[in-house]
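Right, one structure below, let's go through it.
Number of protein chains: 2
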Amino acid sequence: MRLQKENAIVIFNTLYIYIPKMPTISERGITMPPSPIRKLVPLANKAKANGVKVYHLNIGQPDLPTPAAGLQALKQIDRTVLEYSPSEGIRSFREKLAGYYARFNINVGVEDIIVTTGGSEAVLFSLMACLDPGDEIIVPEPAYANYMAFAISSGAVIRTIPSTIDEGFALPSIDKFEELIGPRTKGILICNPNNPTGYLYTRSEMNRLRDLVEKYDLFLFSDEVYREFCYTGAPYISAFHLKGIEENVVLIDSVSKRYSECGIRIGAIITKNVQVRDNVMKWCQARLSPPLIGQIIAEASLDTPEEYMLDVYNEYVERRNFLVDGINRIPGCYSPIPMGAFYTVARLPVDDADEFCAWCLSDFRHEGQTVMLAPASGFYTTPGLGKDQVRIAYVLKKEDLARALEALAHALEAYNRR
Amino acid sequence: MRLQKENAIVIFNTLYIYIPKMPTISERGITMPPSPIRKLVPLANKAKANGVKVYHLNIGQPDLPTPAAGLQALKQIDRTVLEYSPSEGIRSFREKLAGYYARFNINVGVEDIIVTTGGSEAVLFSLMACLDPGDEIIVPEPAYANYMAFAISSGAVIRTIPSTIDEGFALPSIDKFEELIGPRTKGILICNPNNPTGYLYTRSEMNRLRDLVEKYDLFLFSDEVYREFCYTGAPYISAFHLKGIEENVVLIDSVSKRYSECGIRIGAIITKNVQVRDNVMKWCQARLSPPLIGQIIAEASLDTPEEYMLDVYNEYVERRNFLVDGINRIPGCYSPIPMGAFYTVARLPVDDADEFCAWCLSDFRHEGQTVMLAPASGFYTTPGLGKDQVRIAYVLKKEDLARALEALAHALEAYNRR
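Okay, structure coming up:
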């Protein structure tokens, strides 16, 4: 409650002027970091409005086509009422998802699968269901920036352990994790293969995580939306492959990346922990239903023949090799070879990648073209880390990557704040 | 951190047996009330499995067809990549929405409109953006049960003011509101026309709310998803029609009910408050994109000819009259005449409507048929209120309503716990 008098200003000691006062917005929102690329978007829009060709290496929106099976299912929808689906998702879709996971030796039943509105909702509901305000989760950084937003939403505290570009962003040593474990620690959150680094955890790293989870009774939140994009030849290691912690695992998934259908907003939470499921379901019921049409498309997409995934895989391997090779040829630049996903975090010969990325959009042109990169600082919470790093997504075709690399090389040559 | 020893049991003073311990789920989730009808669903499923015809008067899923314009747009989608839409929604859709609102004398620009994943997300993001944990909002009860879930998610505290069936669920007196206003009060949340009561706020009630909002610098969260369903003949009064508090209003909307397209998950937050918008956008960016296909369908649905809305309107008026008349003819039953939405809260001659609703599904059959009602207790937070009340949705065609009423009358006759 505020007194009316606060809404007034005294002038000449007697005159009151009424100035409407607004209720304040939430501190939570104010402390929430804006998207690391958000401030760049107006600069990119302005460049494009001026006829500049901008190569978007900043977002994880693949340019590859959605599978024909999904698009066909969309065309064949023949309903008169577009009604709610069950809060946990359409049963036939969940059954088919169980079959899909079985192909990866992830043995889950239909009851273990809850369909969400994208992987984003899966992260939010998992944290809401497992953590109370003040509870902590440990996350290796750099990390997907939106984890922080969802942690702030749930009141959870993210504690990060830096991984370094010089070690190729390998999992930090288990000692470092143990140092952070305290009475409020509830879980560890990993993204594997990793966004933004493209790092793929090894069998031995995963085993060390398992031991830690078991020893301290933690949740293991495992974001595996890039499962299909592993370039080591070795079989993919899911959190569900770790013996003895089956009920600690909360797997976060999405069809967005693997089927190039980010816009349908279909993800999933998979867990064998009945208590977690029951809690998650309360949020699912509160939001009533995941998107009906997205589920129909995603269900059909599960029938996509292996050749599609193989083509996609080969395409990304080629793009990765081409991009990483190209970056490492630019003087002063360095990128490790990412073993998964379709991102890499590279070091550039600049003092401040935020400034450099903005400058590329606002000032620099090479033959009427420029690049948009994501400054890596937004993926770190430890102040000062990643200042000379950027995340690059190789979601463009090779010819475009070539032109983007050319523009980047020229930009770095022209840029004088290093 | 828990000691390993806690995971063991001492037997005969020496033997330790290892029992795996699970991390605990969130208290927040445990305190979150499950959906008031959730526990009835297994009973309904069992009845249906046994061949019983169940009339669903418990949910707000209209049986009316989605407009042809929306279904046609769905059929005509011809894209090869189903990609993210902008986080704030597709611009052409938002522009058309501004035109739609203008038809209701709600004068908002495209910048004032943020597209959300259903009205549910609009409620969640509004609360997240405006309230911090411990902040309070005042809500007249009975109220839409999921407000509570979203309040718990955001840490906000809902303080309710009872409205009574004997006063037709009119807005409680402003004195009652003022009694609850304290230092943590940030806003008032109304649903108008109301779910679950069908009540439609009068001009004078809305003006009193305006005065209160102005006097105490509050947000007015106004859920207007049933805007089209007003049966008084008088023009609809939106929160945006109230002079002087334009920047205090956060309007929550959805296309679900008006176009019978609940499954596409498209809603909106409309506000002229730039700070609120900026905060809301942080959540929108964190979840990347509202559903692409839903937006295409919703945009096309805005072209629905007036005859569709008129047919829908007439249909609901007829259903309402038929249902309310039918309820009031059953001995001991009473329903006010709702002036909006497609719900009514009725009093039944029973001690415990929760029990009665369960019994209808588990025990009672009339010519192989029964009814599913929503016990009203789930819409109240004040303990004990609404125990003899149910929410009835008139979303079925008249012949089905007739049979449902017949079953209800027989059920009440047969039921002996009153």
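Protein chains in written order, with our numbering: chain A, 1477 to 1894; chain B, 1477 to 1894.
Just so it is clear, CB atoms sit at the ideal spot from N, CA and C, and this is done for glycine as well.
For E1918(B), count the other beta carbons within 10 Å of its own beta carbon; 16 or more makes it buried, fewer makes it exposed. Which is it? Absent from the model: residue 1918(B). The displayed extent of chain B is 1477 to 1894, so no value can be given.
Taking only the alpha-carbon atoms, compute the straight-line gap between G1854(B) and S1629(B) and give it to the nearest angstrom. Translated into positions along the second sequence, residue 1854(B) becomes position 378. Translated into positions along the second sequence, residue 1629(B) becomes position 153. Each residue's alpha carbon lies about 18 Å from the other.
Mark N1892(A) as exposed unless 16 or more other C-beta atoms lie within 10 angstroms of its C-beta, in which case mark it buried. Residue mapping note: residue 1892(A) aligns to position 416 of the first sequence, counting from 1. By the neighbour-count definition (other C-beta atoms within 10 Å, threshold 16), N1892(A) is an exposed residue.
Regarding I1666(B) and the ligand MN, is the C-beta to nearest heavy atom distance less than 7 Å? Because no ligand of any kind appears in the structure shown, any question about the ligand MN cannot be addressed here.
Cross-strand partners of K1733(A) (DSSP beta bridge): Taking the first residue of the first sequence as position 1, residue 1733(A) is located at position 257. Paired residues: none, contrary to the question.
Whose C-beta lies closer than 6 Å to the C-beta of L1776(A) among residues of the same chain, with five residues either side of it excluded? Here residue 1776(A) refers to the residue found at position 300 when the first sequence is read from its first residue. For the sequence presented, residue 1776(A) should be read as Ala rather than Leu. Shown here for A1776(A): same chain residues with a beta carbon closer than 6 Å to its own, the five before and five after excluded, namely A1545, G1546, A1549 in chain order.
Going straight from the alpha carbon of L1479(A) to that of E1690(B), what length do you get? As a first step, residue 1479(A) must be located in the first sequence, where it is residue number 3. As a first step, residue 1690(B) must be located in the second sequence, where it is residue number 214. Legend: pLDDT at L1479(A) = 37, less than 50; position of this residue unreliable, no value from coordinates given.
Any beta carbon of chain A sitting closer than 8 Å to that of A1484(B)? Looking up residue 1484(B) in the second sequence gives position 8. A caution first: A1484(B) carries a pLDDT of 49, below 50, which makes its placement in the model too unreliable to give a value.
Let me see if you follow: with CB-CB separation under 8 Å, is Y1605(A) close to chain B or not? Working through the first sequence from its first residue, we reach residue 1605(A) at position 129. In the sequence as presented, Tyr is not what sits at residue 1605(A); that position holds Ala. So, interface residue.
Pairwise C-alpha distance: I1634(B) and K1481(A): Numbered from 1 along the first sequence, position 5 holds the residue referred to as residue 1481(A). Numbered from 1 along the second sequence, position 158 holds the residue referred to as residue 1634(B). Here the model assigns K1481(A) a pLDDT of 45, short of 50, so the residue's position is not dependable, and the following value carries that caveat. Each residue's Cα considered, the two are about 28 Å apart.
Compare the C-beta of F1818(B) with all C-beta atoms of chain A and state if any pair is closer than 8 Å. Locating residue 1818(B) in the second sequence gives position 342, counting from the first residue. Answer no: the Cβ-Cβ gap between F1818(B) and chain A never drops below 8 Å.
Quick check: is the beta carbon of Q1761(B) nearer than 8 Å to any beta carbon in chain A? Counting from 1 along the second sequence, the entry for residue 1761(B) is found at position 285. Yes, Q1761(B) lies at the interface with chain A (some Cβ there is under 8 Å from its Cβ).
Which residues in the same chain have their Cβ closer than 7 Å to the Cβ of D1787(A), if we skip the five residues on either side of it in sequence? Taking the first sequence and counting its residues from 1, one reaches residue 1787(A) at position 311. Excluding sequence neighbours, D1787(A) sits near nothing in its chain.
Does the Cβ-Cβ distance between L1824(B) and L1877(B) come in under 8 Å? Mapped onto the second sequence, residue 1824(B) falls at position 348. Mapped onto the second sequence, residue 1877(B) falls at position 401. No Cβ-Cβ contact shorter than 8 Å links L1824(B) with L1877(B).
Using the C-alpha atoms, what's the distance from L1600(B) back to F1626(B)? On the second sequence, position 150 is the one that residue 1626(B) refers to. On the second sequence, position 124 is the one that residue 1600(B) refers to. Using only the alpha carbons, I get a separation of about 5 Å.
Find out if the Cβ-Cβ distance for the pair S1596(A), A1605(B) is shorter than 8 Å. Indexing the first sequence from 1 puts residue 1596(A) at position 120. Indexing the second sequence from 1 puts residue 1605(B) at position 129. The beta carbons of S1596(A) and A1605(B) sit no closer together than 8 Å.
For Y1891(B), which three-state DSSP category applies? Reading the second sequence from its first residue, position 415 is the one you call residue 1891(B). Residue state, collapsed to three classes: coil.
Leaving out the 5 sequence neighbours to the left and right, which residues in its chain are closer than 7 Å to C1738(B) when beta-carbon positions are compared? On the second sequence, residue 1738(B) is found 262 positions in, with the first residue counted as 1. Within the same chain, and ignoring the five residues on either side of C1738(B) in sequence, the residues whose Cβ sits closer than 7 Å to its Cβ are Q1537, S1732.
Is there at least one Cβ from chain B nearer than 8 Å to Q1548(A)'s Cβ? Locating residue 1548(A) in the first sequence gives position 72, where the first residue counts as 1. Chain B contact via Cβ: absent.
Span of the beta strand (DSSP E), counted from its first residue to its last, around D1651(A): Along the first sequence, read from residue 1 onward, the residue named residue 1651(A) stands at position 175. Where D1651(A) is concerned, there is no enclosing beta strand (DSSP E), although the alpha helix (DSSP H) it sits in stretches over 1650-1656.
Pick out whichever of N1583(B), D1693(B), L1665(B), L1884(B) has its Cα sitting closest to the Cα of D1839(B). Taking the first residue of the second sequence as position 1, residue 1839(B) is located at position 363. Minimum Cα distance to D1839(B) is reached at L1884(B).
How would you label N1804(B), buried or exposed, when you count the other beta carbons within 10 angstroms and need 16 or more for buried? For the purposes of this step, residue 1804(B) is identified with residue 328 of the second sequence, where counting begins at 1. When all chains shown are included, N1804(B) counts as exposed.
Short Cβ contact (8 Å threshold) for S1602(B) with I1742(B): If you number the second sequence from 1, residue 1602(B) lands on position 126. If you number the second sequence from 1, residue 1742(B) lands on position 266. Here S1602(B) is not near I1742(B), since their CB atoms are 8 Å or more apart.
List the residues of chain A that K1497(B) touches, going by C-beta distances under 7 Å, in chain order. Here the question's residue 1497(B) lines up with position 21 in the second sequence. The contacting residues are D1693.
Give a yes or no on whether the minimum CB-CB distance between M1785(B) and chain A is below 8 Å. Here residue 1785(B) is taken as the residue at index 309 of the second sequence, counted from 1. Not one chain A Cβ lies under 8 Å of M1785(B).
Measure the C-alpha to C-alpha separation of P1766(A) and I1746(B) and round it to an integer number of angstroms. For the purposes of this step, residue 1766(A) is identified with residue 290 of the first sequence, where counting begins at 1. For the purposes of this step, residue 1746(B) is identified with residue 270 of the second sequence, where counting begins at 1. P1766(A) and I1746(B): Cα-Cα distance of roughly 22 Å.
R1734(B) to T1542(B), Cα distance in whole Å? Here residue 1734(B) refers to the residue found at position 258 when the second sequence is read from its first residue. Here residue 1542(B) refers to the residue found at position 66 when the second sequence is read from its first residue. Between the alpha carbons of R1734(B) and T1542(B) lies a distance of about 9 Å.
With 16 other Cβ atoms within 10 Å as the buried cut-off, status of L1888(B): One-based indexing of the second sequence puts residue 1888(B) at position 412. Buried is the call here.
On the criterion of 16 or more Cβ atoms from any shown chain inside 10 Å, does R1567(B) qualify as buried, or is it exposed? Position 91 of the second sequence, counting from 1, holds the residue named residue 1567(B). Of the other Cβ atoms in all chains shown, fewer than 16 fall within 10 Å of the Cβ of R1567(B); this residue is therefore exposed.
Length of the line joining the Cα atoms of D1830(A) and I1590(B): Taking the first residue of the first sequence as position 1, residue 1830(A) is located at position 354. Taking the first residue of the second sequence as position 1, residue 1590(B) is located at position 114. So the two alpha carbons sit approximately 28 Å from each other.
Using the C-alpha atoms, what's the distance from F1697(A) back to P1499(B)? What you label residue 1499(B) is simply residue 23 of the second sequence in a count that begins at 1. What you label residue 1697(A) is simply residue 221 of the first sequence in a count that begins at 1. So the alpha carbons of these two residues sit roughly 12 Å apart.
Is the beta carbon of P1672(A) sitting closer than 8 Å to the one on P1648(A)? As a position in the first sequence, residue 1672(A) is number 196, starting the count at 1. As a position in the first sequence, residue 1648(A) is number 172, starting the count at 1. Contact flag unset, no.
Contacts that N1892(A) makes with chain B (C-beta to C-beta distance below 9 Å): Looking up residue 1892(A) in the first sequence gives position 416. Per Cβ cutoff of 9 Å: no residues; N1892(A) is ~32 Å from chain B at best.
Identify whether Q1771(B) lies in helix, strand or coil by the three-state DSSP scheme. By one-based count along the second sequence, residue 1771(B) stands at place 295. Secondary structure at Q1771(B): helix, using DSSP grouped into helix, strand and coil.
Give, in chain order, every residue of the segment 1609-1626 of chain A whose Cβ lies closer than 7 Å to some Cβ of chain B. Cβ contacts with chain B: P1609, N1622, A1625, F1626.
What would DSSP say about Q1552(A), mapped onto helix, strand or coil? Residue numbering aside, residue 1552(A) sits at position 76 when the first sequence is read from its first letter. In the structure shown, Q1552(A) sits in coil (DSSP, three-state: anything other than H, G, I, E or B).
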